[in-house]
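Have a look at the structure below before the remarks.
In our numbering, the protein residues as written are 886 to 1138.
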């Protein structure tokens, strides 16, 4: 096996939401594969900076509000000019609102859709425009969800956004597959992050979740990060519009 097919040496990858959790895990996996990471987030990324430095990986932190499409695209343009060209984009940043459908507000809807779907698409557009215009190859990895396949409860805008992420991934693969831009997705299962701490601390909920996961454990951020590296690396050259569930077998049950 040619291990260089899994290397990101010499590549620059932008990861949104890189300050914690899955985004941080993705950044570290890219660093271990030899890639440079431009990490984007609203909150400080000191912990990610320290962990990347500890493994000798190159990391540049960028502050941005991804709730604004214009700000997101301006951030990408500035990052390309200062640190680019950018070879890969991982759209990981996302938020969730938990409210019964009968009580869901327009603000709850818009806040989630703006970050999870709207800015995700326009960041894809940004790297697609740059790469295609320059005749460069590029990789996009969108972070989908189990709720790209399932309905969930009390998370109407999140479910809609993650279903949209999968649809846009396939659409862009159709448009860009022959133009040197691979667009694929990873769908995380239940991962040990700050977002799932309440679930893991609830004995009944945790037991019911683990009871459905064939692997018998929660995932860790590096599980998602390593799958993202595969989709960013030459090993996945012939993959377009694919979604890889990294869920311990959740969807198989």
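All C-beta atoms, glycine included, are put in the ideal place defined by N, C-alpha and C.
Buried versus exposed call for residue i [16 or more other C-beta atoms within 10 Å across all chains shown]
{"i": "residue 1001", "result": "buried"}
{"i": "residue 1063", "result": "exposed"}
{"i": "residue 1123", "result": "exposed"}
{"i": "residue 987", "result": "exposed"}
{"i": "residue 1076", "result": "buried"}
{"i": "residue 929", "result": "exposed"}
{"i": "residue 1003", "result": "buried"}
Check whether residue i and residue j have beta carbons under 9 Å apart
{"i": "residue 1073", "j": "residue 1132", "result": "yes"}
{"i": "residue 1015", "j": "residue 1088", "result": "no"}
{"i": "residue 1012", "j": "residue 1066", "result": "yes"}
{"i": "residue 1113", "j": "residue 914", "result": "yes"}
{"i": "residue 1069", "j": "residue 1126", "result": "yes"}
{"i": "residue 1026", "j": "residue 893", "result": "no"}
{"i": "residue 1092", "j": "residue 1134", "result": "no"}
{"i": "residue 973", "j": "residue 1023", "result": "yes"}
{"i": "residue 1033", "j": "residue 1056", "result": "no"}
Terminal residues of the alpha helix (DSSP H) in which residue i lies
{"i": "residue 1015", "result": "1005-1019"}
{"i": "residue 1047", "result": "1041-1061"}
{"i": "residue 1096", "result": "1088-1097"}
{"i": "residue 1101", "result": "Segment: none, residue 1101 is in no alpha helix (DSSP H) and carries neither H nor E."}
{"i": "residue 914", "result": "906-917"}
{"i": "residue 954", "result": "954-968"}
{"i": "residue 1109", "result": "1106-1117"}
{"i": "residue 938", "result": "931-939"}
{"i": "residue 1077", "result": "Looking at the DSSP string, residue 1077 is not in any alpha helix (DSSP H), and its letter there is neither H nor E."}
Counterpart residues of residue i in DSSP-defined beta bridges
{"i": "residue 1024", "result": "973 and 1067"}
{"i": "residue 1072", "result": "1130"}
{"i": "residue 1034", "result": "Residue 1034 pairs with nothing; no bridge assigned."}
{"i": "residue 944", "result": "922"}
For residue i, the first and last residue of its enclosing beta strand (DSSP E)
{"i": "residue 901", "result": "897-901"}
8 Å contact criterion, which residue i and residue j should meet: CB distance rounded
{"i": "residue 933", "j": "residue 903", "result": "6 Å"}
{"i": "residue 920", "j": "residue 896", "result": "5 Å"}
{"i": "residue 1042", "j": "residue 982", "result": "6 Å"}
{"i": "residue 1079", "j": "residue 906", "result": "6 Å"}
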